[in-house]
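Protein chains in written order, with the numbering used here: chain A, 1 to 188; chain B, 1 to 188. The beta-carbon is built from N, C-alpha and C at its ideal position, and this holds for glycine as well. These numbers were taken from a predicted model, which means no experiment stands behind them. Notes follow once the structure below has been shown.
Number of protein chains: 2
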Amino acid sequence: MKTQSVREQLLEHTLVLIRRRGFNGFSYRDLADLVGVKTSSIHYYFPAKDDLVLEAVKEYSARISERLRSVDSSLSPREQAEGYLNFLRTAACGDQICLAGMLSTETLCLPESVHTELKQFYRMNENWLMGLIERAQSEYGKVYPVTPRALAQVIYGALQNGLIVARLFGAPERLESAADLLMASVSE
Amino acid sequence: MKTQSVREQLLEHTLVLIRRRGFNGFSYRDLADLVGVKTSSIHYYFPAKDDLVLEAVKEYSARISERLRSVDSSLSPREQAEGYLNFLRTAACGDQICLAGMLSTETLCLPESVHTELKQFYRMNENWLMGLIERAQSEYGKVYPVTPRALAQVIYGALQNGLIVARLFGAPERLESAADLLMASVSE
DNA sequence: GTCTATAAGGCGATAGAC
DNA sequence: GTCTATCGCCTTATAGAC
Numbered sequence: 001m002k003t004q005s006v007r008e009q010l011l012e013h014t015l016v017l018i019r020r021r022g023f024n025g026f027s028y029r030d031l032a033d034l035v036g037v038k039t040s041s042i043h044y045y046f047p048a049k050d051d052l053v054l055e056a057v058k059e060y061s062a063r064i065s066e067r068l069r070s071v072d073s074s075l076s077p078r079e080q081a082e083g084y085l086n087f088l089r090t091a092a093c094g095d096q097i098c099l100a101g102m103l104s105t106e107t108l109c110l111p112e113s114v115h116t117e118l119k120q121f122y123r124m125n126e127n128w129l130m131g132l133i134e135r136a137q138s139e140y141g142k143v144y145p146v147t148p149r150a151l152a153q154v155i156y157g158a159l160q161n162g163l164i165v166a167r168l169f170g171a172p173e174r175l176e177s178a179a180d181l182l183m184a185s186v187s188e
Numbered sequence: 001m002k003t004q005s006v007r008e009q010l011l012e013h014t015l016v017l018i019r020r021r022g023f024n025g026f027s028y029r030d031l032a033d034l035v036g037v038k039t040s041s042i043h044y045y046f047p048a049k050d051d052l053v054l055e056a057v058k059e060y061s062a063r064i065s066e067r068l069r070s071v072d073s074s075l076s077p078r079e080q081a082e083g084y085l086n087f088l089r090t091a092a093c094g095d096q097i098c099l100a101g102m103l104s105t106e107t108l109c110l111p112e113s114v115h116t117e118l119k120q121f122y123r124m125n126e127n128w129l130m131g132l133i134e135r136a137q138s139e140y141g142k143v144y145p146v147t148p149r150a151l152a153q154v155i156y157g158a159l160q161n162g163l164i165v166a167r168l169f170g171a172p173e174r175l176e177s178a179a180d181l182l183m184a185s186v187s188e
């Protein structure tokens with residue numbers, strides 16, 4: 001466990017708070033107590049709550065981007081999908097959903113700058129899944145009832161909802177219907 | 001426009017407020033101002049905010065239940081699905097997502113009684129879609145890469161996420177990828 | 001039923017000492 | 001950088017008059 005600066009600790013706990021309770025579901029006091037500072041110290045690093053959430057979504061997006069980028073593309077689409085799903089399965093066993101999935105329901109309460117980041121996040125994940133599907137299509141000659149783009153959007157949306165519903169039902173296996181469709185879509 | 005009792009007006013505006021901004025995103029003051037009463041009057045009908053949200057989700061669920069029940073089951077699966085989608089398309093053109101889709105992200109802030117209603121709501125919609133898919137399977141001899149139950153869960157989750165993302169992107173057509181998969185799944 | 005008044009505390013945010 | 005102190009407002013909720 002590496003030592004973190006106060007700013008890093010604030011951002012880290014903000015990620016957790018948002019993924020658990022949403023932008024409107026936590027306060028500066030909650031965050032300050034977790035880090036062990038006073039609320040006024042948060043304002044030193046993040047003048048307004050909008051600044052905090054913007055930095056949080058940028059950080060979260062950067063982490064997922066790095067994770068996608070680090071996937072070994074010499075693996076088969078099936079193996080790549082399995083790795084992607086195992087990451088989501090870990091989340092489905094806890095009480096945190098995707099940060100973007102949470103914030104996108106709070107769209108009307110968030111500034112344009114956050115919308116921009118959230119849209120980019122969705123596109124990044126959909127495009128990555130679409131790449132897998134297209135490769136399975138060209139290499140295995142698979143045929144789909146809808147376009148690879150539409151299928152990627154459906155699967156990604158179902159995975160997002162799967163995390164939400166897994167937590168609601170207290171049943172991580174709720175993610176598996178979407179996982180099954182993804183695996184079926186990229187398998188030979 | 002029928003005259004509504006104060007209680008009915010409160011519930012009606014609560015549905016809109018939750019679908020726009022979520023449970024943590026509106027206050028008794030917001031609601032009171034919309035109806036034109038004082039906040040203390042809300043407490044007369046709904047002692048606590050938890051009571052208000054519970055009644056709201058029950059009312060919303062009853063409306064969707066009635067809508068599903070009233071679908072003419074002599075229509076083809078394709079026609080039934082088209083009607084279901086047109087209802088969702090109307091929502092996707094406004095700024096309100098599904099009430100259950102919104103509240104399910106706020107699970108950790110809501111009482112057990114609301115969880116129970118939300119779970120029942122998800123099951124109702126998934127079962128209805130599964131019925132369509134199973135009928136298409138038996139009547140048209142369609143084969144799916146996953147079970148009808150899993151496919152119904154995937155499609156319903158993708159439709160829920162579709163409403164959220166349609167609003168985020170300001171693009172109602174974002175719902176169409178999930179709509180396309182549903183239509184492909186129930187067409188001859 | 002609806003109101004006024006108020007309780008008791010939480011909210012984001014700022015000023016200024018250290 | 002972090003603190004104390006405070007501002008001004010909002011929050012849910014209740015008591016009691018009408």
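DSSP state of residue i mapped onto helix, strand, coil
i, result
"residue 96 of chain A", "coil"
"residue 111 of chain A", "coil"
"residue 87 of chain B", "helix"
"residue 144 of chain A", "coil"
"residue 4 of chain A", "coil"
"residue 188 of chain B", "coil"
"residue 170 of chain B", "coil"
"residue 106 of chain B", "coil"
Residue i, buried or exposed, once every other Cβ within 10 Å from all chains shown has been counted against 16
i, result
"residue 1 of chain A", "exposed"
"residue 157 of chain B", "buried"
"residue 21 of chain A", "buried"
"residue 142 of chain B", "buried"
"residue 81 of chain A", "buried"
"residue 62 of chain A", "exposed"
"residue 14 of chain A", "buried"
"residue 69 of chain B", "exposed"
"residue 26 of chain B", "buried"
"residue 150 of chain B", "buried"
"residue 40 of chain A", "exposed"
"residue 4 of chain B", "exposed"
"residue 184 of chain B", "exposed"
"residue 177 of chain B", "buried"
Inter-residue spacing [alpha-carbon to alpha-carbon] between residue i and residue j
i, j, result
"residue 179 of chain A", "residue 18 of chain A", "25 Å"
"residue 84 of chain A", "residue 35 of chain B", "48 Å"
"residue 123 of chain B", "residue 129 of chain B", "10 Å"
"residue 8 of chain B", "residue 54 of chain B", "14 Å"
"residue 135 of chain A", "residue 47 of chain B", "57 Å"
"residue 186 of chain A", "residue 76 of chain A", "9 Å"
"residue 16 of chain B", "residue 96 of chain B", "7 Å"
"residue 126 of chain B", "residue 148 of chain B", "10 Å"
"residue 92 of chain A", "residue 37 of chain B", "43 Å"
"residue 139 of chain B", "residue 175 of chain B", "27 Å"
"residue 59 of chain A", "residue 11 of chain A", "8 Å"
"residue 89 of chain A", "residue 155 of chain A", "15 Å"
"residue 79 of chain B", "residue 71 of chain B", "10 Å"
"residue 28 of chain A", "residue 50 of chain A", "12 Å"
"residue 133 of chain A", "residue 182 of chain A", "9 Å"
"residue 113 of chain A", "residue 131 of chain B", "42 Å"
"residue 24 of chain B", "residue 137 of chain B", "42 Å"
"residue 162 of chain A", "residue 163 of chain B", "15 Å"
"residue 32 of chain A", "residue 42 of chain A", "7 Å"
"residue 153 of chain A", "residue 44 of chain B", "45 Å"
"residue 66 of chain A", "residue 74 of chain A", "17 Å"
"residue 87 of chain B", "residue 159 of chain B", "12 Å"
Any non-hydrogen atom of the ligand NAP within 7 Å of residue i CB
i, result
"residue 146 of chain B", "Looking for the ligand NAP in the displayed structure turns up nothing, as the structure carries no ligands at all."
Spell out a yes or no on whether the segment 93-113 of chain B and the segment 101-110 of chain A are touching, meaning 3 or more CB-CB pairs, one atom from each, closer than 8 Å. yes
Can you check the segment 11-90 of chain A for any alpha helix (DSSP H) of at least 4 residues that lies completely inside it and give the ranges in chain order? 28-35, 39-45, 49-69
Could you check whether the segment 167-177 of chain A touches the segment 114-123 of chain B, counting it as contact only if at least three pairs of C-beta atoms, one from each stretch, sit closer than 8 Å? yes
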